[in-house]
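Below is one structure, written out as structure tokens; the observations come after it.
Numbering (this note's numbering), first residue to last: -8 to 184.
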């Protein structure tokens, strides 16, 4: 984290690399928290004097219009409106009544959604990741192949490089298949499977 912090500094900013790394570490130690799910939450060490972020409102509005059109085509608009109404009642979201464009807002970029048919695999991945290993179990060969393929699809949207698949399934052909695929990807410099 400290290296990323120091690389983003403006050339005119004062401070040695060690001082900046120490400041980043102190900021990390002050701001690290654990949420109710047991996951760590850390705030980013912002650079002093950095220009404000652009609002990106026009991009957000265009995405919203495209999303609404897509939901209308698939017949899911009413279901989504129901969710938003429920969230309003529960206080999860709130309506912005008097919007003023004072350039203090920033609209976040789009984040890909997991396809509905991958929800089970996405839940397994979420519950099974430990630092850099995914530990889970499946019942048979078909479920193993499905889990591997869907995992690669889901995690590739976030640029995760999956490699080193191991399993205790007894089919030697399947084990050979995964190792050959991994070697082929490494040969071409594309990471693992």
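Every residue gets a Cβ at the ideal spot worked out from N, C-alpha and C, and that includes glycine.
Through-space distance from residue j to residue i, alpha-carbon basis
i           : j           : result
residue 107 : residue 7   : 49 Å
residue 116 : residue 130 : 16 Å
residue 114 : residue 147 : 16 Å
residue -1  : residue 26  : For residue -1, the predicted structure reports a pLDDT of 48, less than 50, and the residue's modelled location is therefore unreliable. The matter cannot be settled from this model.
residue 216 : residue 132 : Nothing can be reported for residue 216: it is not among the residues displayed for the chain, which extend from -8 to 184.
residue 79  : residue 87  : 11 Å
residue 11  : residue 57  : 43 Å
residue 37  : residue 14  : 11 Å
residue 137 : residue 128 : 12 Å
residue 73  : residue 52  : 20 Å
residue 9   : residue 19  : 15 Å
residue 156 : residue 139 : 8 Å
residue 84  : residue 48  : 18 Å
residue 60  : residue 82  : 26 Å
residue 42  : residue 134 : 50 Å
residue 151 : residue 76  : 34 Å
residue 40  : residue 70  : 44 Å
residue 178 : residue 17  : Because the pLDDT at residue 178 is just 39, under 50, the model does not fix this residue reliably, and the point stays unresolved.
Other residues of its chain near residue i: CB distance less than 7 Å, five sequence neighbours each side excluded
i          : result
residue 34 : 22
C-beta contact flag for residue i and residue j at 8 Å
i           : j           : result
residue 159 : residue 112 : no
residue 109 : residue 144 : yes
residue 55  : residue 62  : no
Own chain residues within Cβ distance below 8 Å of residue i, not counting five before or after
i          : result
residue 31 : 23, 24, 25
residue -3 : The predicted position of residue -3 is uncertain, since its pLDDT is 41 and thus under 50; no value can be drawn from it.
Residues near residue i in its chain [Cβ-Cβ closer than 6 Å; skip 5 each side]
i          : result
residue 29 : none
Runs of alpha helix (DSSP H) lying entirely within the region -5 to 82, each at least 4 residues, in chain order: With a minimum length of 4 residues, the unbroken runs of alpha helix (DSSP H) contained wholly in the region -5 to 82 fall at 8 to 22, 48 to 65, 68 to 81.
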